[in-house]
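Each protein sequence line maps, in turn, to chains A, B, C, D, E and F. Using this note's numbering, the first residue of the first sequence is number 479, and each one after it goes up by one. Using this note's numbering, the first residue of the second sequence is number 479, and each one after it goes up by one. Using this note's numbering, the first residue of the third sequence is number 479, and each one after it goes up by one. Using this note's numbering, the first residue of the fourth sequence is number 479, and each one after it goes up by one. Using this note's numbering, the first residue of the fifth sequence is number 479, and each one after it goes up by one. Using this note's numbering, the first residue of the sixth sequence is number 479, and each one after it goes up by one. Glycine included, each C-beta is placed from N, C-alpha and C at the ideal position. Note sheet for the following structure.
Protein chains: 6
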Amino acid sequence: MTKLTPKTRDQLKTVSTATLTTCLFKRGLRNQFLQDVHPLNPAAGPMVGEAYTLRYIPAREDLNPITVFQDRSHPQRKAVEECPPGAVLVIDSRKDARAASAGGILVTRLMKRGVAGIVTDGSFRDSPEIAGLAIPAYHHRPSAPTNLTRHQAIDINVPIGCADVAVFPDDVMVGDAEGVVVIPAHLADEVAAEAVEMTVFEDFVTERVLQGRSILGLYPATEEQTRADFAAWRKAKGR
Amino acid sequence: MTKLTPKTRDQLKTVSTATLTTCLFKRGLRNQFLQDVHPLNPAAGPMVGEAYTLRYIPAREDLNPITVFQDRSHPQRKAVEECPPGAVLVIDSRKDARAASAGGILVTRLMKRGVAGIVTDGSFRDSPEIAGLAIPAYHHRPSAPTNLTRHQAIDINVPIGCADVAVFPDDVMVGDAEGVVVIPAHLADEVAAEAVEMTVFEDFVTERVLQGRSILGLYPATEEQTRADFAAWRKAKGR
Amino acid sequence: MTKLTPKTRDQLKTVSTATLTTCLFKRGLRNQFLQDVHPLNPAAGPMVGEAYTLRYIPAREDLNPITVFQDRSHPQRKAVEECPPGAVLVIDSRKDARAASAGGILVTRLMKRGVAGIVTDGSFRDSPEIAGLAIPAYHHRPSAPTNLTRHQAIDINVPIGCADVAVFPDDVMVGDAEGVVVIPAHLADEVAAEAVEMTVFEDFVTERVLQGRSILGLYPATEEQTRADFAAWRKAKGR
Amino acid sequence: MTKLTPKTRDQLKTVSTATLTTCLFKRGLRNQFLQDVHPLNPAAGPMVGEAYTLRYIPAREDLNPITVFQDRSHPQRKAVEECPPGAVLVIDSRKDARAASAGGILVTRLMKRGVAGIVTDGSFRDSPEIAGLAIPAYHHRPSAPTNLTRHQAIDINVPIGCADVAVFPDDVMVGDAEGVVVIPAHLADEVAAEAVEMTVFEDFVTERVLQGRSILGLYPATEEQTRADFAAWRKAKGR
Amino acid sequence: MTKLTPKTRDQLKTVSTATLTTCLFKRGLRNQFLQDVHPLNPAAGPMVGEAYTLRYIPAREDLNPITVFQDRSHPQRKAVEECPPGAVLVIDSRKDARAASAGGILVTRLMKRGVAGIVTDGSFRDSPEIAGLAIPAYHHRPSAPTNLTRHQAIDINVPIGCADVAVFPDDVMVGDAEGVVVIPAHLADEVAAEAVEMTVFEDFVTERVLQGRSILGLYPATEEQTRADFAAWRKAKGR
Amino acid sequence: MTKLTPKTRDQLKTVSTATLTTCLFKRGLRNQFLQDVHPLNPAAGPMVGEAYTLRYIPAREDLNPITVFQDRSHPQRKAVEECPPGAVLVIDSRKDARAASAGGILVTRLMKRGVAGIVTDGSFRDSPEIAGLAIPAYHHRPSAPTNLTRHQAIDINVPIGCADVAVFPDDVMVGDAEGVVVIPAHLADEVAAEAVEMTVFEDFVTERVLQGRSILGLYPATEEQTRADFAAWRKAKGR
C-alpha cells in the first residue's frame, strides 16, 4: 500500500534532492538528507526506489574469516540476491569508511537484477569499476579493504540509521548528482506531487533570473506581478 | 550454557580491563575495548554482567513526540523493565552524544531491579545524579537533551555495535574505572581464569618494581630467577 | 521587558538543564543545549543570567600582537568591564579550543563585578585557578595559549553561535553540573514555571522508583493511580 | 583607497594561490588559505574580488520557518542583491556543511549581477547546476537541505571567520582550481606584484626541471649560474 | 634481496588494490590500505615501487623560515634528489593537510628522475598542475600553503606511519584509481602471484554476473560446476 | 650546555603553563602547548624536565605479537630503563588513543628511576593506578588495550611530533594541572626568568582585582599609578 506507484516513481525522477528536502522541511522533517554521501557515477541517472536495508555491526575477528562467504545465507550475499528489482539497497555501515561495504561484483549483480541503486554511509571498493556501471551508487569515499575487516552483515530489512538519517524499509530513496534524500513511505506521493510543482516554479524563476530579474518579489513570489507572470509562463509552456 | 557462572563473575570483578584486553589480544581479538566511553561513578565498583542490548536509530521528528513514552511497550522503557538482574544494559547510540541515551530515573530503576550496569556510546542526562548512584554507568559525555531529540529505540537484544565494538547478547561486559571491555560469551570462563593468573603475576611485578627492580627480565619473566622468585612469592602469599 | 524577573531567576536555579531541554523540546526547540561544553567548577552552584555576548573571529597575526591589550577599548577587556551584573558572558569561540577564550584574572574580575557566569565553546587558561572561583564557568577543555594565538575579539552583544546553538543577547543561560541550556528570552517565564512543575513530579517519581515501583504507568503518569498518588504526595509535601 | 585596482586585479588572475600563500608566509601570515574549501566549477576561471561578507548563526526553529524569505530585507536575499559587482560574497557558515549556504537560483543571480565569486565554508545545494555556471563558487561539499535547517543569516559585511581564516570586508579573495586565499586589503598591491615576479621565476624553474635540471641550486636560486640563466631566460622571453 | 623483481613489479601493475587487500587480509594483515588518501591523476596509471620514506614533524616557527631551502641538505630537497628511480616517495605528514607536503616543481623533478610515484597523508599544493603530470601522486586533499607553515622534514628512509599504516623502507607501495596499499617487502612476490590468480577468477566471475548468473555458488566458487566452468573458461582464454 | 640548570628547573616549577605560553608567544612561538593532553594525577605536582623521546608507528600485526617484549632491547622497554632521571619521557603516539602508550608497571618503574614525568598524545592503560602515583603523567584519555594493538615503538630520542607540537630531545617539558608546554632548549633560561617576573606581576594584579580594581589600566599596566603601586607592592612583599 505504501509501495511506490509508477506515477510517483516517475515524478521523483524529475525533481532534485534539494527541492525534496524543502518539501520535507515544510512538514517538520529536517534531517532526511544523507550527509557526506556522494555519487560514484552521477551519470547513471536519478535513483528512485524503496529502501531495502542491510545492517552491519563491527567485525569481530573470529567471526569474520574469509570463509564466511561460503555460506549462501550470509546476509550480505542474501541481500544482494533478494533485494527486489526497483528497490534500493541501503547499508548501515555506521559511517565507518575504513573497509568496503561492497565491491564491484556485488554491485554488478544488483545492476543485472534490476535493483534501482545502492547506498552506504561507508565505502565501496572497486570504486573505479563501479563508477562505470549503469546503476546509481552512493558512498562516503573509496576504500579497498574487504568488508570483513571492519563489518559483519547481521540483519536484513530492519529500520537502520544511514549517515545519521533514519531509514525504514520501504521509505523512498531518491538520489541525484548531489546526494540522497529519504522520503518517509507515507509521504512519497504528496511530496512527489508538490516537488514537481515547485520544480515548475523554480524553472520559471531561473529563466527570469537569467534574463536579469532581481530575486526580490520573485523568489518567493511575493509580488502579484510575479504570480501573474508565472501563470502566463506556465500556460505558454504547457506545464 | 554460555551464561556467566558465579565463579567467572566473581573472578572478573577482581581483574582490570587492561589485563582482559591483553588476554583477548592473545586470542586475536584486538577490538574489544569500548573507545572513549567513561565511567560516571567509578566508585560504584567493578561492573560484570551479560550484555542485554538496546538499539537506537536516528530520531525522525514525526515518530518521536514527547507522547511516545505513554506506550508501555516503547522499547526503551521495556528494556529498562526487562533487562535481567545481573545483566548489563548496553545501548547502541551510534556514538551520537548530542542527546541522552537515558536519564536519572531510568538508571535508578535499573539499579533497583538489580541490573549490573548500563553502558552507552552516547550520553546520559542527569549525569550529576547518576554519578551518585550505586550502579556502574558508562557513557561518552553528559548531554541534557531528551533522547527523542536524536534517538529512537527500535530493537531489544539483537547484536549491536557500541563504540565501534561488536556486542552480542550474553557477551560479558566488564567495566572498571578505566572503561569497558566486551568478552565474547564462549571465552568468558577461560579469559577470566587467565586474567586472574596474570593479575597475580602483575601484583608480584609491581611489588618488585616498587622495590627498585628493573623491568628487564622481570616483565615479561624472561629470566629464570624471576620465575623462581615469583614461585616463592606466590607460595608465601598463598595466591 | 524580556529581562529576567527575580521570580524566574530563582525558579531557574532550582531546575536541571535536563528538565529545561524537555520543556524546550515540547515547544519544537531541539537544539538549545551547548554540546560538549563542561563546567570547570560545578560546585560554584547553578548559573542563571541573561546572555551578554562576545564574538571572536580567527586571529590574523599582524592584528594581534601582545600589545593590543594596551587599548582600553579592546572588545575582550571592554566586555569584561561592561557585562552587567547578573548577566552571563557568552563567547563565540567558533569551537576552537586551541587557545584560551579568557583566563583567571578576567574571570576573577567578572566574579567581583557580580556577573552570573562565563561560557565559551572554546577553552579557558588558568583553568585550575578558575575551578576554585565562586563564579560558574563553562568551556570545552583547558588550553593554556593566550587568546591572541587564535582569536580576535570583534563584536559585543550581537547574536552569536556558541557550541552550535544560537544565542541572542538577553536569552537566558542556565547552567548546572551537566552543562548549559539557552532559553529564548520570550519563553523564560513560562519555561521556568513549567520546569518547576516537572521537577516536583520527577522528585515524586524518583522517590517511588527508589521504593521499588516500576516506571510503567508511573513515568509518564499514564495510570490514574499514579496521578492520584502524586496529588496526595504533593499535598503531603506542601509542594 | 584599499579597493582593488584594475592592475592588481589583473595581476592576481595570473598567479596561483600556492604562490600567494608563500608571499603571505614571508610577511608572517601563515593562516590565509581556506582549509578544505573546494571549487565546484574550476573551469569558471580564476576568482579575484574584494570580500563582501555574510554571517550565519545556527538556526533556531521558531525563527526560521520557510516564510522568512518573504521578507525582502532578509540578510541572505539582501546580500545577494547588494554584493557589489566585482566583489566576492563570502559566507561564514561556521564550517557546518549539513545544510546549504545558498543554492542555484541565488548563485545565478550573483552571476548575472557581475559578482566575482561566492565562497562558503559550508555547502551549496543544487551543486550540479552551480558546477555549470560561469561564476566561481567554492564550498566544503554538496548538501541539499535548505539553509533554514541549520543557518540564520544575521549580519552583512562585518568581519567574519571562514574556514578558520579571518576575513574582513574588502580583503582580497583569490581563488583558483586549488582553493581560496585571503589577502589583507592593505597588502593586495604589493603581494600581487611579488607573486607575479615569483611566477616568472617558477615558470623558468619548471622549464629547467622539465629539461632534467636538478632542483639543488636552482630552486631556490642559490647558485650564481642559476641567477644568470634566469636573467637571460627572462630577457629572451620578454617577461 | 627484498627488492622488487621486475616480474613482481609487472604483476602488481595488473591487479587492483582491492584484490591486494584481500590477499593481505588472508595473511592476518588488516591495516595496509592508506585511509582517505586519493589520487590526483588517476590516469597516470598504476603505481608500483619500493617505499622511500620522508618523515615530517610539526614546524616550529623559528626553525622554518623561507630561507631553509637554501640549504642543499634540507631533507625534503635531498629526498627529492635521492629517492631512487622506480621507488615511491612516501611522506609521513601526520595526517595534517593544512599545509602542502610538496608542490608542482618537486613532483615534476621526481617524475623526471624516474621515480614511480609520490604519496602523502597530507596535501599537495599546485594540485591542478600535478593532476596533469605523468607520475602517480596521492594525497588527502589540496592545500596551498608552503610546507614550512606546518611541517619540518626531519628524517629520510626510516620506518614511518602514513595514513595510519606502518611503512618500512622497501615495503612495496601499489596505487590505483582507488588508493594505495602497502605490501610488506617479504610478501611482495607471493602476494603479487596470488593477486594475479585472484584477478583471473574475478574476471571470470564478472563475466558470468554480466551474463545474469547469481553470485551464490559462484563467488566464492562453492559449487563444483563453477569450478569446472572456470577451468574451461581459463583454458579458452589462455590465462 | 643546553641542559637544564637547577635554577631554571626550580623557577619553572613555580610558574604556570599559561604564563609560559605567553612568553613563547612574544617570541613568535605560537604552537608549543600540547593540545588536548591532560594530567592523570594533577596532585603529583608540577612537571619539569628535558624531553627524552620515544617514537611509535602504527603496529603491523605480524611484527607485534605479545612475545616482542621478551626482547630486552625493545625500544619501549629500553626507553623506560634509559630515560635519564630528571628527564621527561615524551611519546609520539600519533594522537591515536585507541591503544595504550604505556601502563601502570612501566610508569611505576619510571617513577622509581627518578624520571620527572611521562607524556603521550595517546592513552595510558591502568589509568586509575597511574592516577595515584607520585610521577606526573599526561595523556589524551584512558584506553585499556596493550600498545601492541596499535603501536610499534621504533625510535628513541629523535625529534618527534606530540599533540601537533615539535619536540626535540632536551627541549624542556613543563606540566601543571592545565597541561604541558614545550620550551625550546635554548630558550629555557630566559623564558623561565621572564615567567617568574610575569608571575609576580600577575599575583599583584590578582590581589588588586580581588580588592575590586578594574582591569583597565591595571592589566596590562598602562597607567603610571599601576606601575607605582606594583613597585610598592613588590617591595613590601619582598619579591
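Which bits of chain C does residue i rub up against, with CB to CB less than 7 Å?
i: A637 (chain D); result: Checking the sequence, you will find Pro at residue 637 (chain D) rather than Ala. Residues of chain C passing the Cβ test: I535 and I632.
My guess is that residue i and residue j are in contact by the Cβ rule of under 8 Å, so how many angstroms apart are they, rounded?
i: V597 (chain D); j: V658 (chain D); result: 6 Å
i: A641 (chain F); j: L498 (chain F); result: Going by Cβ atoms, the distance from A641 (chain F) to L498 (chain F) rounds to 16 Å, so no, they are not a contact pair.
i: A496 (chain E); j: E656 (chain E); result: 7 Å
i: L541 (chain A); j: A631 (chain A); result: Rounded, the Cβ-Cβ distance is 11 Å, inconsistent with contact.
i: I544 (chain C); j: F503 (chain F); result: 7 Å
i: A666 (chain F); j: V493 (chain F); result: Wrong, their Cβ atoms sit about 12 Å apart, outside the cutoff.
i: E528 (chain C); j: A565 (chain C); result: 5 Å
i: R587 (chain B); j: V558 (chain B); result: 6 Å
Using a C-beta to C-beta distance shorter than 9 Å, which residues of chain A count as neighbours of residue i?
i: D514 (chain B); result: The premise fails here: D514 (chain B) is roughly 14 Å from chain A at the closest Cβ pair, so nothing lies under 9 Å.
i: R576 (chain B); result: Those do not exist, as R576 (chain B) stays about 10 Å from chain A at its closest Cβ, beyond 9 Å.
Counting only C-beta atoms, is residue i closer than 8 Å to chain D at any point?
i: V558 (chain E); result: yes
Does residue i have its Cβ less than 8 Å from a Cβ in chain E?
i: P662 (chain F); result: yes
i: A644 (chain D); result: no
i: S723 (chain D); result: Chain D is shown from 479 up to 717; residue 723 (chain D) falls before or after that span and cannot be answered.
Determine whether the Cβ of residue i lies closer than 8 Å to any Cβ atom of chain F.
i: S692 (chain B); result: yes
i: S579 (chain C); result: no
i: D488 (chain C); result: no
Interface residues of chain C around residue i at Cβ under 8 Å?
i: L584 (chain B); result: I693
Residue i CB to nearest chain B CB: under 8 Å?
i: L507 (chain A); result: yes
i: G716 (chain A); result: no
Just to confirm before moving on: does the CB-CB distance between residue i and residue j stay below 8 Å?
i: N519 (chain B); j: L584 (chain B); result: no
i: G653 (chain D); j: M525 (chain D); result: yes
i: R555 (chain D); j: L694 (chain A); result: yes
i: D574 (chain D); j: R628 (chain D); result: yes
i: A756 (chain C); j: I535 (chain D); result: For residue 756 (chain C) there is no data in the structure shown, the boundaries of chain C being 479 and 717.
i: D648 (chain D); j: K481 (chain D); result: yes
i: R619 (chain D); j: S601 (chain D); result: yes
i: P517 (chain E); j: P606 (chain E); result: no
i: V660 (chain E); j: Q489 (chain E); result: no
Taking Cβ-Cβ distances shorter than 8 Å, what residues in chain A pair up with residue i?
i: K504 (chain E); result: I544
Using a C-beta to C-beta distance shorter than 7 Å, which residues of chain B count as neighbours of residue i?
i: F511 (chain C); result: S621, A622 and P623
i: P520 (chain F); result: The premise fails here: P520 (chain F) is roughly 16 Å from chain B at the closest Cβ pair, so nothing lies under 7 Å.
At 8 Å on the CB atoms, spell out the chain B contacts of residue i, in chain order.
i: G657 (chain C); result: P620, S621 and A622
Does any C-beta atom of chain C lie closer than 8 Å to the C-beta of residue i?
i: R572 (chain D); result: yes
By the criterion of Cβ-Cβ separation under 9 Å, what are the contact partners of residue i in chain C?
i: C627 (chain B); result: One point to set straight first is that residue 627 (chain B) is Thr, not Cys, in the sequence displayed. Result: T499, F503, R508, N509 and F511.
At the 8 Å Cβ level, is residue i part of the contact set with chain A, yes or no?
i: P606 (chain D); result: yes
message: Under 8 Å, CB to CB, which of the residues in the region 589–602 of chain E have a partner in chain D?
response: Those residues of the region 589–602 of chain E that come within reach of chain D (Cβ to Cβ, closer than 8 Å) are K590.
- prompt: Of all the residues that make up the region 681–711 of chain F, which are near chain C by a beta-carbon distance shorter than 8 Å?
  reply: In summary, the residues of the region 681–711 of chain F whose CB is separated from some CB of chain C by less than 8 Å are V683, T684, V687, L688, G690, S692, I693, L694, G695, Y697, P698 and T700, in the order they occur in the chain.
message: Give me the subset of the region 535–555 of chain B whose CB atoms are less than 7 Å from a CB atom of chain C, sorted by chain position.
response: Cβ contacts with chain C come from I544, F547, Q548, R550 and R555.
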